[in-house]
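Chemist:
Numbering (this note's numbering), first residue to last: 695 to 1058.
#1: Which partner residues does residue 871 have in the DSSP bridge list?
#2: With a threshold of 16 other CB atoms inside 10 Å of the CB of residue 754, please say whether the residue is buried or exposed.
#3: Among 998, 1050, 987, 799, which one has its Cα closest to the Cα of residue 1022?
#4: Report the CB separation of residue 796 from residue 1025 in whole angstroms; it is logged as a contact under 8 Å.
#5: Report, in whole angstroms, the separation of the C-beta atoms of residue 977 and residue 853, which I expect to be a contact under 8 Å.
#6: Could you check whether the stretch 914-931 touches the stretch 864-871, counting it as contact only if at least three pairs of C-beta atoms, one from each stretch, sit closer than 8 Å?
#7: Just to confirm, is the Cβ distance from residue 787 to residue 739 under 8 Å?
#8: Whose C-alpha, out of 840, 884, 876, 860, is nearest the C-alpha of residue 869?
#9: Tell me the start and end of each unbroken beta strand (DSSP E) in the stretch 907-975 that is at least 3 residues and wholly inside, in chain order.
#10: Thinking residue 932 and residue 714 are a contact (beta carbons under 8 Å), I'd like their distance in whole angstroms, please.
#11: Between the Cα of residue 859 and the Cα atoms of 833, 882, 880, 1020, which residue gives the shortest distance?
#12: Relative to the C-alpha of residue 1027, which candidate in 1038, 1045, 1017, 1003 has its C-alpha closest?
#13: Counting Cβ pairs, one atom from each stretch, are 3 or more of them under 8 Å apart for the stretch 804-817 and the stretch 760-768?
#14: Quick one, are the C-beta atoms of residue 1039 and residue 698 less than 8 Å apart?
#15: What is the residue span of the alpha helix (DSSP H) that residue 747 lies within?
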């Protein structure tokens, strides 16, 4: 079976992991210690910002970034509706109201025009998700628009570690940015993890308090709405071990994606055309009007696949009829057509070619 991902292969090929974990175990310091501080310094430098705060997971990161920037109950926050509900969940936790944006069918990301529509509707903030490992093409223009209009911009970079536009890493365009280090991410831990990055010292200080009970000093709580959300030392040490290899791993992902795009030749399958440093191929997502039949065909040939994501946020059962009047044509079309093929650095060329052959042999 060719899996959609292989975490065991990633771990087994890095002998430094055991040494890093043993250092943490020997230190006796497991939360907010030297390993966390080291990773925060290294990752901030990698992204090209001044501050990085490790937190428990990517969804917490979005929540704490919103709170740190002053988003509160009743505010409207714009977000794409095709990214698995994670951002909408954080918006709901804060007590704000999601304002859903449609996406471009090529990049699967929001556009300048959609963000402008949301700004005219009175949003306080927008969360721009760089989905599937592709930097939103309009992100620089969106950042300038938000700055000009006084709207807060948060980048959700959970699937785009290392993607760059004109040399600037995603995470370096907004007022703050969030990352997930879930194990399957391009930069993944061996458990949950996340981070908020920012250029602004005041925002960083607020996140630092929000992630640890709202303390200004030990046991003295000054910031309302805080929680316990910290990246532990083991995960930080693992991430520091993986970080130096991120660009090489991303390059291998791009190589696999390029091989797929060049060799998949099927009139019922549309392949992504993303290339260059703006794409780190976190997921390789094709489109087909006969998606479910293709997925069954691949399963029969022992090739894994998945759908990221089948339900637009505003159609999630948790909302009931709250967003019944929303229609986002591109989002809804994509939800019925997208299919993720295996794409991870440890794949062999033979495995990639097996996937290509299987897709090309499909007869709907």
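No residue lacks a Cβ here, since even glycine has one placed at the ideal position from N, Cα and C.
Modeler: Based on what the coordinates show:
#1: 849, 891
#2: buried
#3: 799
#4: 6 Å
#5: 7 Å
#6: no
#7: no
#8: 840
#9: 909-911
#10: 6 Å
#11: 833
#12: 1003
#13: no
#14: no
#15: From DSSP, residue 747 is part of no alpha helix (DSSP H) but of the beta strand (DSSP E) over 745-749.
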